[in-house]
Structure formats: structure tokens, C-alpha cells
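In the numbering used here, the protein residues as written are 1 to 165.
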């Protein structure tokens with residue numbers, strides 16, 4: 001299984017690709033899609049093109065996106081939601097369903113606590129993917145989303161195996 005994790009953002013959309021084979025996780029690639037300027041439509045189009053290129057290059061078989069939390073700034077939350085729409089749209093265009101995970105669930109899966117700092121997340125991603133060179137905090141978060149999805153997939157597969165036995 002090849003999983004693409006996505007940490008949505010309008011200015012910086014993090015992505016990370018991992019593989020799960022025989023219960024082992026391995027790093028494939030990670031990075032950040034960036035958009036600048038004031039034209040929202042152009043920024044969203046840029047994120048769409050960049051993320052589509054990531055899909056075309058790395059050909060994930062599964063995708064996962066971090067859910068958006070609502071903050072006090074409604075306009076910022078709306079813009080983040082629009083970037084998240086791109087994060088959901090691109091995998092759908094490649095025929096994939098998308099796992100969605102709350103930020104606290106990702107942190108709890110990767111770090112062990114639901115309110116971990118970004119530095120703790122990056123540290124634990126490095127522990128679980130030895131030798132990984134993380135392209136930045138958004139990419140670290142995206143790798144954490146992918147790791148969370150892989151662990152959830154393993155749990156679901158174990159439940160199915162037990163149900164069949």
C-alpha cells in the first residue's frame with residue numbers, strides 16, 4: 001500500500017508519501033506545495049496542479065487528509081477549507097477514496113498524545129521513518145497523516161481477518 005498524506009493549507013500544503021509492506025513503513029517522498037499572491041482562484045489552481053503532479057509521479061494507492069479545525073478567524077477558516085477542498089478533489093480525480101483524520105487523532109497515533117507540538121510530531125515521524133529528510137513542518141504533518149492512515153488500515157485489516165476466522 002502506498003499512502004499519500006496531505007496537510008491542507010492555502011499558503012503551504014504539505015504532502016508525504018509512505019509505503020506499508022509486511023507491516024513495515026518506509027518513506028517514499030515528501031514536500032510542500034506553495035501558493036502566493038492575492039488571487040484566490042489562481043492560488044487554488046496552483047495547488048491543484050502541484051498536487052496533481054505529486055499524484056502522477058508517486059502513484060499512491062490510498063490518500064488521507066487532515067480535517068480542518070475551526071478557529072476564531074472565520075475568513076481564514078474558509079480559505080483553509082477551500083485548500084482542503086483541493087486536497088480532497090485531487091485524490092478523487094485519481095480514483096481514490098480519502099481517509100480523513102482529526103488533528104488530535106493523528107497526533108495520538110504518531111506521538112501518543114493528542115496535543116503534541118509540531119517538533120514532537122517531526123521527531124516521531126523521524127523515528128518511524130528512519131533516514132527521512134523532512135522538507136518542513138507541513139511535510140512532517142502530512143507524513144504523520146499518512147502514518148495514521150497506514151496504522152488505521154492495519155487495524156481494519158486485522159478486524160476483517162478476525163471476523164473471517
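All residues carry an ideal CB built from backbone N, CA and C; glycine is no exception. These figures come from a predicted structure and were not determined experimentally.
- In the same chain as residue 132, and ignoring 5 residues on each side of it, the C-beta atoms closer than 8 Å to its own belong to 27, 30, 125, 126 and 143, in chain order.
- It is roughly 27 Å from the alpha-carbon of residue 23 to the alpha-carbon of residue 88.
- Here the region 87-106 makes no contact with the region 30-45; the two share fewer than three CB pairs at distances below 8 Å.
- Closest by C-alpha distance to residue 82, out of 160, 59 and 43, is 43.
- Every unbroken stretch of the beta strand (DSSP E) spanning 3 or more residues and falling wholly within the region 46-93 is given here in chain order: 62-66.
- Under a 10 Å Cβ-count criterion, residue 117 is classified as exposed, with fewer than 16 other Cβ atoms of the shown protein chains found around its own Cβ.
- Taking a C-beta distance under 8 Å as the contact criterion, residue 102 and residue 50 do not qualify as a contact pair.
- For residue 36, there is no enclosing beta strand (DSSP E), as DSSP gives it neither H nor E.
- Across the structure, residue 111 and residue 17 are spaced so that their CA atoms are roughly 19 Å apart.
- Assignment of residue 139 by DSSP, reduced to helix, strand and coil, places it in the helix class.
- Nearest neighbour of residue 20 by Cα position, chosen from 40, 150 and 47, turns out to be 150.
- When DSSP states are grouped into helix, strand and coil, residue 11 belongs to the coil group.
- For residue 5, the number of other beta carbons within 10 angstroms of its own is at least 16, and it is reported as buried.
- Each residue's CA atom was taken as its position, placing residue 53 and residue 99 some 20 Å apart.
- Ranked by Cα distance from residue 55, the options 64, 90 and 71 are led by 90.
- With 16 or more other Cβ atoms inside 10 Å of its own Cβ, residue 134 counts as buried.
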